Amino acid sequence: MRYLGVQLVLYFRTMQLLLTPRERRKPSSRFYMFFSTAMCVLITIWIVTQVALGDQMWVAHWNYPDGPQAYFEIYASAWYQILGSTALLVLQLMTDGLMIYRCYSIWSNYRVIVLPCVLWLATLVVGILFEWATTLPRSNFFFGRCAHIALCYYALITALNILVTAMICYRSVSLGKIVKSQLGPAYASMYFNVVTVVVESLLPFTILGIIFLITLGIGSPIATTLQSVYLMFICISPQLLILRVILQREDAGKAVTTMRFAPDPITVGTLHTVQRIDSDLVVLKDEQEGSTDMGQERV
């Protein structure tokens, strides 16, 4: 439950910033509000269903014949468990979709996200198959046919996360080198910042996915504990990314203004790419607030 508390703190802080008069007028803010609220609702549904199953298994039916394990095998496919797993599937697809969009925002090239999109569609198909498998009587996440489908499902998710994370990290460092050569180390420091790279690439989510996949594959009992932590980071990592984008909007606008009036001008292509990595291009357009000359407005 402590991870839900972390998620709620991040969510309310994000909404507090998005509901300010200046942020409320931006089209991207409405998207972030909807996305953050949807993630919060979906993860709450999953947690409530898990608490409900735990209450029935360990409290209400503590003396069930053959013990809690037998109760779990019979009622793991109950309607509220299916609701929780479906909410988790939608949340995972949203998180991976945000990662792919962020990758495109940094690269500004549709071709680089072709493979991630194919993997995303594959996770959708296998995820639906996994949902079907969990509805079967006496299905078990850690044993039998359901376990094999689950392993395939999480392997696809982890492969997608590794690919997108590597692409984002590589592009961030590459852009940092470009900015350093054009504007100097002072302006490039944010691209080599550890926090920036970790949050931008959703690195904790990816690392936890790798560890969870390994433990699940070898049948380790640690997988049961890691599963809850990993699933919570499906929500926490993208929420951190959204919060960072909002907090960096003003700094991104100042950085672009400095680049426009730098003594050593940089190319338009480089400026465009730097804009994309600091914040979404839509956000930077919003910050102009109707002005026809952003340079004059900020000077």
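Read in order, the letters of the sequence shown correspond to residues 0 to 298 in numbering that gives the first Met the number 0. C-beta atoms are modelled at their ideal positions from N, C-alpha and C, and glycine is treated no differently. Note that this is a predicted model, so its numbers are computed, not measured.
For residue i, three-class secondary structure by DSSP
i: phenylalanine 142; result: strand
i: threonine 134; result: coil
i: alanine 37; result: helix
i: tyrosine 2; result: helix
i: histidine 147; result: helix
i: lysine 25; result: coil
i: histidine 271; result: Because the pLDDT of histidine 271 is 46, which lies under 50, any placement of that residue in the model is unreliable, and the question is left without a value.
i: valine 282; result: A caution first: valine 282 carries a pLDDT of 37, below 50, which makes its placement in the model unreliable, though a value can still be read off. If DSSP states are grouped into helix, strand and coil, valine 282 belongs with the helices.
i: leucine 18; result: coil
i: asparagine 62; result: coil
i: valine 255; result: Only weak support exists for where valine 255 lies, its pLDDT of 48 falling under 50; the value from the coordinates is given anyway. DSSP places valine 255 in helix when its eight states are reduced to three.
i: proline 203; result: helix
Residue environment, residue i, which counts as buried when at least 16 other CB atoms sit within 10 Å
i: phenylalanine 211; result: buried
i: tyrosine 152; result: buried
i: arginine 101; result: buried
i: valine 244; result: buried
i: tyrosine 31; result: buried
i: tyrosine 169; result: exposed
i: glutamine 6; result: buried
i: tyrosine 237; result: According to the sequence as given, residue 237 is proline; it is not tyrosine. Flag for proline 237 reads buried.
i: valine 178; result: buried
Distance between beta carbons of residue j and residue i, contact taken as under 8 angstroms
i: glutamate 299; j: serine 171; result: In this structure the chain extends from 0 to 298, so residue 299 is not present and cannot be described.
i: leucine 215; j: leucine 159; result: Actually they do not touch by this definition, with Cβ atoms about 16 angstroms apart.
i: methionine 231; j: tyrosine 70; result: Not confirmed; about 25 angstroms, so no contact.
i: leucine 92; j: leucine 128; result: Actually they are not in contact, since the Cβ atoms of leucine 92 and leucine 128 sit about 14 angstroms apart, beyond 8 angstroms.
Close Cβ partners of residue i (< 6 angstroms) along its chain, the five nearest in sequence each way excluded
i: leucine 114; result: none
i: methionine 166; result: Cys102
Spatial neighbours of residue i in its chain, beta-carbon cut-off 8 angstroms, leaving aside the 5 residues before and after
i: leucine 242; result: Leu9, Arg12, Thr13, Leu16
i: leucine 240; result: Leu97, Arg101, Val198, Glu199, Leu201
i: tryptophan 57; result: Pro67
Contacting residues, own chain, Cβ-Cβ under 7 angstroms from residue i (five flanking each side not counted)
i: cysteine 116; result: Ile99
i: leucine 88; result: Gly126, Glu130
i: tyrosine 229; result: Leu207, Gly208, Phe211
i: threonine 157; result: Gly208, Ile209, Leu212
Interface flag, residue i vs chain B, CB-CB below 8 angstroms
i: phenylalanine 71; result: Reference to chain B is not applicable here, since this structure consists of a single protein chain.
Exercise. Is it true that the segment 26-45 meets the segment 74-86, where meeting means three or more beta-carbon pairs spaced less than 8 angstroms apart?
Worked result: Taking a contact to require three or more Cβ pairs closer than 8 angstroms, the segment 26-45 and the segment 74-86 qualify as touching.
Exercise. Do the segment 61-71 and the segment 91-101 meet, that is, are 3 or more Cβ pairs less than 8 angstroms apart?
Worked result: Contact fails: fewer than three Cβ-Cβ distances are below 8 angstroms.
For this session: Please confirm if the segment 127-145 is in contact with the segment 70-77, defined as three or more CB-CB distances below 8 angstroms between the two stretches.
Result: The segment 127-145 makes contact with the segment 70-77; the number of CB pairs closer than 8 angstroms reaches 3 or more.
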